[in-house]
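Enquirer: Structure provided below as structure tokens; questions to follow.
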Amino acid sequence: MDPEESRVSLRLENERLRRENDDLQLILGLMKENQELRSKLYATDASVDHGPSVPLQGSKVKAVSWDETLEEGRFTDDLLKVPFRTSSPLDTSINRKSSPLETSVNRKSALKGPCLDPEQQQSDSQQVEERMVGEVAFQLDRRILAHVFQEQKRLYGFTVQNIPSKITQVSTHPVTGKVDESVHARLSERHLEVMRGLGRLGYRAALHPALAELVVNTYGVLRERPDQRSAQRATYGSPEALRNIVVDTVPPALLKDVLLLLSCLCYLAKQDGKALFLW
């Protein structure tokens with residue numbers, strides 16, 4: 001390779017690394033902001049006396065699901081006041097702050113009763129749609145992993161981001177520690193194959209796997225398999241219906257990339273001839 005070709009090659013490599021670095025910085029910023037907002041869920045409301053407040057700075061906050069935000073100070077106080085009785089259920093309907101992906105969503109909290117009013121029904125429907133957005137990202141990751149690791153029955157601990165290391169793990173003999181090169185090559189080829197196909201749609205390995213994880217963590221996934229005769233079942237298999245839900249749910253800053261995740265899922269479903277959502 002002559003000096004001129006070397007310089008061109010280095011410039012292209014530097015440009016590629018710069019773009020990947022920008023993508024990683026974007027994801028890192030979103031995840032930090034998401035974590036900060038999650039942490040604020042546990043701050044004592046300054047307008048209500050719930051006991052001694054605990055400063056957020058420097059303290060460790062355990063992650064819990066969005067639907068179960070508990071007031072630790074209030075729980076402790078009530079428990080100490082009544083030492084010989086079990087604590088009563090806590091009021092979990094306190095307003096919570098939105099995550100970065102929920103800035104366009106107006107959530108309303110209410111206790112469920114035997115008969116739901118229209119406002120509660122609308123809130124429940126909105127929550128289902130949010131979970132459908134998370135399900136799109138989850139199903140895409142699951143589809144990619146299932147394509148690469150076709151012989152694996154369980155994919156616990158497998159993510160799109162750790163596919164290379166999992167390929168090495170799966171192809172290594174558990175006793176001798178020797179890597180089966182033929183297995184390693186076969187899995188690596190599947191990985192390259194699916195990434196090439198998704199890459200033609202605009203999928204980038206440096207950006208979209210981390211974004212998909214953020215979407216799942218923010219919106220959650222569907223809690224149960226839909227009934228065969230339900231109207232929602234048809235929605236799950238309709239790219240157009242899912243696209244409308246994504247447009248109505250995701251904020252503009254991330255809409256383009258989340259729609260790309262849906263396009264990639266539709267592509268893989270067409271490739272293997274199966275439904276969009278696999279249960």
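The opening position of the sequence shown corresponds to residue 1 in UniProt numbering, with each subsequent residue numbered one higher.
Cβ coordinates follow ideal geometry from the N, Cα and C atoms, glycine included.
Everything numeric in this text was worked out from a predicted model, so none of it was measured.
Should Val8 be labelled buried (16 or more other beta-carbon atoms within 10 Å of its own) or exposed?
Expert: It is exposed - the Cβ of Val8 has fewer than 16 other Cβ atoms within 10 Å.
Enquirer: Tell me whether Thr168 is buried or exposed, calling it buried when 16 or more other Cβ atoms sit within 10 Å of its Cβ.
Expert: Result: exposed.
Enquirer: In this structure, how does DSSP classify Val221 when only helix, strand and coil are distinguished?
Expert: Three-state DSSP puts Val221 in coil, outside helix and strand.
Enquirer: Closest to Glu189 by C-alpha separation, out of Trp279, Val148 and Phe138, would be which residue?
Expert: Ranking the options by Cα distance to Glu189, first place goes to Val148.
Enquirer: DSSP three-state label for Val148, please.
Expert: The answer is helix: DSSP assigns Val148 an H, G or I state.
Enquirer: So for Thr159, helix, strand or coil by DSSP?
Expert: The answer is coil: DSSP assigns Thr159 none of H, G, I, E or B.
Enquirer: Between the Cα of Val183 and those of Gln150, Glu213, Val250 and Gly202, spot the shortest distance and give me the residue it belongs to.
Expert: Among Gln150, Glu213, Val250 and Gly202, the Cα nearest to that of Val183 is on Gln150.
Enquirer: Just mark Glu135 as buried or exposed, buried being the case when its beta carbon has 16 or more other beta carbons within 10 Å.
Expert: The residue in question, Glu135, is buried, as its Cβ has 16 or more Cβ neighbours within 10 Å.
Enquirer: Do Tyr219 and Glu130 have their C-beta atoms within less than 8 Å of each other?
Expert: Yes; because the gap between Cβ atoms is below 8 Å, this pair is in contact.
Enquirer: May I ask you to check if the CB of Thr159 is nearer than 7 Å to at least one heavy atom of the ligand FMN?
Expert: This structure lacks the ligand FMN, and indeed carries no ligand of any kind.
Enquirer: Return the chain-ordered list of same chain residues with a C-beta closer than 7 Å to the C-beta of Ile144, the five sequence neighbours on each side being excluded.
Expert: Excluding positions up to five away in sequence, the list reads Val160 and Val194.
Enquirer: Starting from Thr249, trace the alpha helix (DSSP H) both ways and give me its first and last residue.
Expert: First-last of the alpha helix (DSSP H) with Thr249: Pro239 to Thr249.
Enquirer: Less than 8 Å separating the beta-carbons of Leu278 and Gln152?
Expert: Going by C-beta atoms, Leu278 is not nearer than 8 Å to Gln152.
Enquirer: If distances are taken between C-alpha atoms only, which option among Asn14, Ile27 and Glu5 comes closest to Ala206?
Expert: Comparing Cα positions, the closest option is Ile27.
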